[in-house]
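Novice:
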Amino acid sequence: DTGVSQNPRHKITKRGQNVTFRCDPISEHNRLYWYRQTLGQGPEFLTYFQNEAQLEKSRLLSDRFSAERPKGSFSTLEIQRTEQGDSAMYLCAGGLPNTGELFFGEGSRLTVL
Amino acid sequence: EDQVTQSPEALRLQEGESSSLNCSYTVSGLRGLFWYRQDPGKGPEFLFTLYSAGEEKEKERLKATLTKKESFLHITAPKPEDSATYLCAVQADRGSTLGRLYFGRGTQLTVWP
């Protein structure tokens, strides 16, 4: 158990609806990452925060995606106007600066019908 | 463009049959190479960090090695509980992308009794 919790674990939604995922890392992790993973693929980087600052966003992160980390604690990832191509596992990970040792949560699986 | 290629995609071993997984990478300045294990429906679990060519790390039946072009994950006398997908990731030594990890697609290892 890494101590990183993600909610909800599963979300089924209809195309066009908005969804929001939440990630709670442990307090020591001042870095927080969001990755997306589809079946048979490795995790793809979406964005990361150091404390409350969003330091980098992938080109994969279209305008429909937005992530926040108010007060440098929990983080939310919102997807607006979902599309079937958004169906994936959304992984959150906590970490420390200058290390690639990430502590992943168990993920939030999104299915868009 | 930074790339990580893992081979084979899938590997079936009999219990006790040692083998190696390969991770070849192309990155402009390697900051670190990481191995993770992922069980079905779970987030990746950190195994090793390697920073420079010639470095080796060991944990139980696993040993990771690094050259300038690739890394190997050696599995000695595997057991069925070693069955999982093994992911390789690299972190580039560039300021703008210092945070992100680039993952390969993984090798799905099955160890049968």
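Chains A and B, in that order, give the protein sequences.
If you want the working numbering, it's the 1-based position in the first sequence plus 5.
If you want the working numbering, it's the 1-based position in the second sequence plus 11.
For every residue, glycine included, the Cβ atom is placed at its ideal position computed from N, Cα and C.
#1: Considering only the alpha carbon of each residue, which of A/G47, A/P48, A/A98 and A/E49 lies closest to A/Q11?
#2: Just verifying my parser: in three-state terms, what is the DSSP assignment at A/D29?
#3: Counting only runs that start and end within the stretch 9-81 of chain A, where is the beta strand (DSSP E) found for 3 or more residues in a row?
#4: Pull up the distance between the alpha-carbon of B/K68 and that of B/Y47, whole angstroms please.
#5: On a Cα-Cα basis, can you pick out the residue from B/S39, B/Y36 and B/L98 that is closest to A/P48?
#6: Between the stretch 100-113 of chain A and the stretch 78-94 of chain B, do three or more beta carbon pairs fall short of 8 Å?
#7: Pick helix, strand or coil for B/E28, following the three-state DSSP scheme.
#8: Can you tell me whether A/S113 is buried or exposed? The criterion is at least 16 other CB atoms within 10 Å of its CB, across all chains shown.
#9: Tell me whether A/E111 sits in a helix, a strand or coil according to DSSP, three-state version.
#10: For B/A21, which residues does DSSP report across the bridge?
Specialist: Considering the structure as presented:
#1: A/A98
#2: strand
#3: 10-12, 15-18, 24-29, 36-42, 49-55, 58-62 and 70-73
#4: 13 Å
#5: B/L98
#6: no
#7: coil
#8: buried
#9: coil
#10: B/Q119
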